[in-house]
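> First, the structure itself, so that you have it in front of you.
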Amino acid sequence: MAERFESVDAVLEALRRVDYLADPSTAGVVFLADRLEKPVLVEGPAGVGKTELAKAIATTTGSRLIRLQCYEGLDESKALYEWNYKKQLLRIQADREHERDWETVESDIFSEAFLLTRPLLEAIRADEPVVLLIDEVDRVEIETEALLLEVLSDFQVSVPELGTITAVRRPIVVLTSNNTRELSEALKRRCLFLHLDYPDAEREQEIVRVRVPGIDATLADQIARIVRSIRQLDLKKAPSISETRAGQQGAEGRRGVMNTQSSFDLRKSEHEV
Ligand SMILES: Nc1ncnc2c1ncn2[C@@H]1O[C@H](COP(=O)(O)OP(=O)(O)O)[C@@H](O)[C@H]1O
Ligand SMILES: [Mg+2]
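The numbering of the sequence shown is the numbering used here, which starts it at 1448 and goes up by one.
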C-alpha cells in the first residue's frame, strides 16, 4: 500500500503545515506506524497534544478522522456494531403474510441493511483513507480492552452472522491514554509506544505563536515561562498547553482566561501560590 510519509522529516513538515509542532521522536513513531502498519499508543498527562496529534495526522494526510471516545461502560454495541432491532422487528411483522420460512427471514434480517456500524467497524470498512482515534482508552475497564484487540492486530472485525470483515485499506490508528490505570499487556504488545510530555520552553513558545496568530514574541515567552513555573508547583492538575494559550488570550484581553478551576486547584494551601 502507498506510504503516507517519505521520511521522519517529511512527517515533521507535514504536521507543521497543519500547525502541529511535533518533536523528532513523535515524528519518528508516526513514521514507523505508517511503515509498519501498527497502531500507536500515545500516553501522557492531559493537554500535551495526544488527541491533537491524531487530528493533525488526519488533516495532513487528507484522511477522515473516526473517533471512538472511550468511557466507563463502553461496550461492543457502541464500539463495534449493533443490530437494528426496531428495523428487524418491523421487517418480521411486514413479512408475516408471506409466510416465509424462518431461515429466509433470519438471513434477511441479519444482513448489511440491518447493521448499525460503530466507530471500529466503520474504520475497518471505509474505502477512503482513515485515521482511527481511540481516545482515552484507559477509561474503559480492562475487560473491555479485549474488544479492541482484533482490530488492533489484524485490522478486522468478526460479526458472527456476516463473517469476518477485514480492512480494505489499513487505517492509521492512534490510541491515547492519560495513564489513569495500567493497560493490559495484550493491548500494549500490539502498539508502538509514544510518551508525550510537556514541551520544552522553546517549543511551547512556538506552539503558542502558531496557535495564537499575531502574538507578540515577548508576551509568548513570558506566558510560557509563567506556565512552566506553575507546573513546578504541587498542583492537582498541571496546566496544559491549551491553558498556556488561554493564558495568552487572557493576557491580551481577549476571550478566555486560565482555567482557574482545574489548573489552580491546589492540593496544598492556597497561600503557597
Ligand atoms: N505539539 C503541539 N503543536 C500544536 N499545538 C499543540 C501541541 N500540543 C498541544 N497543542 C495544543 O494543546 C491543545 C490540547 O491538546 P490535546 O491534544 O487536546 O491534549 P490531550 O493530550 O489531553 O489530548 C490542542 O488543542 C492544541 O491547541
Ligand atoms: Mg485528549
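No residue lacks a Cβ here, since even glycine has one placed at the ideal position from N, Cα and C.
Under the three-state reduction of DSSP, which class applies to ILE1619: helix, strand or coil?
ILE1619: strand per DSSP, three-state reduction.
> Within 7 Å: the Cβ of LYS1497 and any heavy atom of ligand 2?
Checking the Cβ of LYS1497 against ligand 2 gives yes.
> Using beta-carbon positions only, say whether ILE1581 and PHE1602 come within less than 8 Å of one another.
Taking 8 Å as the Cβ cut-off, ILE1581 and PHE1602 do not qualify as a contacting pair.
> Would you report the Cα separation of THR1498 and THR1551, rounded to the nearest angstrom?
Rounded to whole angstroms, THR1498 to THR1551 spans 45 Å at the Cα level.
> Less than 8 Å between the CB atoms is what I'm expecting for LEU1496 and ILE1688, so what's the real figure, rounded?
In the sequence on display, residue 1496 carries Gly and not Leu. With a Cβ gap of about 6 Å, GLY1496 and ILE1688 count as contacting.
> Quick one, which of HIS1545, ARG1656 and GLU1553 has its alpha-carbon nearest TYR1532's?
Nearest of HIS1545, ARG1656 and GLU1553 to TYR1532, Cα basis: GLU1553.
> Is the number of C-beta pairs between the region 1606–1617 and the region 1650–1663 that are closer than 8 Å three or more?
Verdict: no, contact absent.
> Are ALA1474 and LEU1462 closer than 8 Å when you measure CB to CB?
For ALA1474 and LEU1462, yes; Cβs fall inside 8 Å.
> To which residues of the same chain is GLU1608 closer than 7 Å at the C-beta, ignoring the five residues directly before and after it?
Excluding positions up to five away in sequence, the list reads PHE1557.
> If you scan the region 1479–1562 from start to end, which runs of the alpha helix (DSSP H) of 4 or more residues do you find wholly inside it?
Those alpha helix (DSSP H) runs which fall completely within the region 1479–1562 and span 4+ residues are 1497–1508, 1523–1526, 1532–1542 and 1549–1556.
> Any heavy atom of ligand 2 inside 7 Å of the beta-carbon of ASP1582?
ASP1582: yes, Cβ under 7 Å from ligand 2.
> Please classify LEU1630: does DSSP put it in a helix, a strand, or coil?
Note: LEU1630 maps to coil in three-state DSSP.
> Tell me whether the beta-carbon of VAL1577 lies closer than 8 Å to the beta-carbon of ALA1501.
Not in contact: VAL1577 and ALA1501 (Cβ atoms no closer than 8 Å).
> My understanding is that LEU1512 touches ALA1505, with C-beta atoms under 8 Å, so please give their C-beta distance in whole angstroms.
So it is a contact: roughly 4 Å between Cβ atoms.
> Please name the residue, chosen from GLY1661, LEU1639 and LYS1525, that lies closest to VAL1587 on a Cα-to-Cα basis.
Nearest of GLY1661, LEU1639 and LYS1525 to VAL1587, Cα basis: LYS1525.
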